[in-house]
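> Heads up, the working numbering is the position in the sequence shown plus 236, with the first residue counted as 1.
Glycine included, every Cβ here is placed at the ideal spot set by N, Cα and C.
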Amino acid sequence: MKLKLFLISFLTFLIFVPLVSAQTSTPTSVGSQKREGANIKVEFKKGEVNQKITAIRRERIMSFYSKMIVRLEATVERIQKLIDRLDSRITKIDASDTEGKINTAKAKTDIGKAKLMLTGVKTKLSSLSIDDILVSNTPQEDFKLVRDSIKSIKNNLKEIHKLLVQTVGDLKGLRVGDTK
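1) Could you check what DSSP says for T248 in three-state terms: helix, strand or coil?
2) Measure the C-alpha to C-alpha separation of I396 and G356 and round it to an integer number of angstroms.
3) Between the segment 396-407 and the segment 341-354, do at least 3 Cβ pairs fall closer than 8 Å?
4) Indicate whether the contact test is met: 3 or more Cβ pairs, each with one atom in the segment 274-282 and one in the segment 311-324, closer than 8 Å.
5) Measuring straight from C-alpha to C-alpha, what distance separates S363 and I305?
6) Please determine if the segment 376-384 and the segment 334-348 are in contact, where contact requires at least 3 C-beta pairs separated by less than 8 Å.
7) Since L399 is in the alpha helix (DSSP H), which residue starts that stretch and which ends it?
8) Going by DSSP in three states, N275 sits in which element: helix, strand or coil?
9) Who are the Cβ neighbours of T403 in its own chain at under 7 Å, not counting the five residues just before and after it?
10) Taking S388 as the reference, give the member of P375, D406, L361 and A331 with the closest Cα.
11) What span of residues does the alpha helix (DSSP H) with T359 cover, start to end?
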């Protein structure tokens, strides 16, 4: 009885082992298919994440741009107010100088240059558009364009301010009234 049981179990073993081993002999093809599927999912996720990051960066660039435009416009207004005050001061100096001793020609030319430069800055600010700047696919290039355009306007404003400071110094050197 034990022998029959042993023979039956041995024959069953010999019959089923090749079937089981035949089923597991190609795990590499199934594994590679799973790997390829996982790689496709990973690439898809990377694309989604990159798009989200790009959108966030573009939003930050637009926020930076809008804040800088507000600051630059405020600076232009302050400089315009300063030019108006200097112009009025020059007119008062000319009106009080009946003898023609005070020479305000240099100050007038400097104010004229400053007005002309400020007009150029105003046109640059009005022609600057974020839609024209955000045309490339990479936010780094977009930010570089935004930064460069704002930097050029900022440098022009610095030159205007420097010219006006020099004009104020020249006007302070002109003494109105008794200088005893």
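According to the data block:
1) Counting from 1 along the sequence shown, the entry for residue 248 is found at position 12. Correct three-state label for T248: helix.
2) The sequence position of residue 396 within the sequence shown is 160, counting from 1. The sequence position of residue 356 within the sequence shown is 120, counting from 1. Approximately 11 Å between the Cα atoms of the pair.
3) Counting Cβ pairs under 8 Å, three or more are found: they touch.
4) The segment 274-282, when compared against the segment 311-324, does not touch it at the 8 Å Cβ threshold.
5) Taking the first residue of the sequence shown as 1, we reach residue 363 at position 127. Taking the first residue of the sequence shown as 1, we reach residue 305 at position 69. Taking the straight line joining both Cα atoms gives about 12 Å.
6) Three or more beta-carbon pairs separated by less than 8 Å are not found between the segment 376-384 and the segment 334-348, which leaves the two stretches without contact.
7) Taking the first residue of the sequence shown as 1, we reach residue 399 at position 163. First-last of the alpha helix (DSSP H) with L399: P375 to G409.
8) For the purposes of this step, residue 275 is identified with residue 39 of the sequence shown, where counting begins at 1. For N275, the three-state secondary structure derived from DSSP is helix.
9) Stepping through the sequence shown from its first residue, residue 403 is reached at position 167. Taking T403 as the centre and dropping the five residues before and after it, the same chain places the C-beta of L322, A343, D346 and I347 closer than 7 Å to its C-beta, in chain order.
10) By 1-based counting over the sequence shown, the position of residue 388 is 152. In terms of CA proximity to S388, L361 leads the group P375, D406, L361 and A331.
11) For the purposes of this step, residue 359 is taken as residue 123 along the sequence shown, with counting starting at 1. Looking at the DSSP string, the run of the alpha helix (DSSP H) that includes T359 is A341 to S363.
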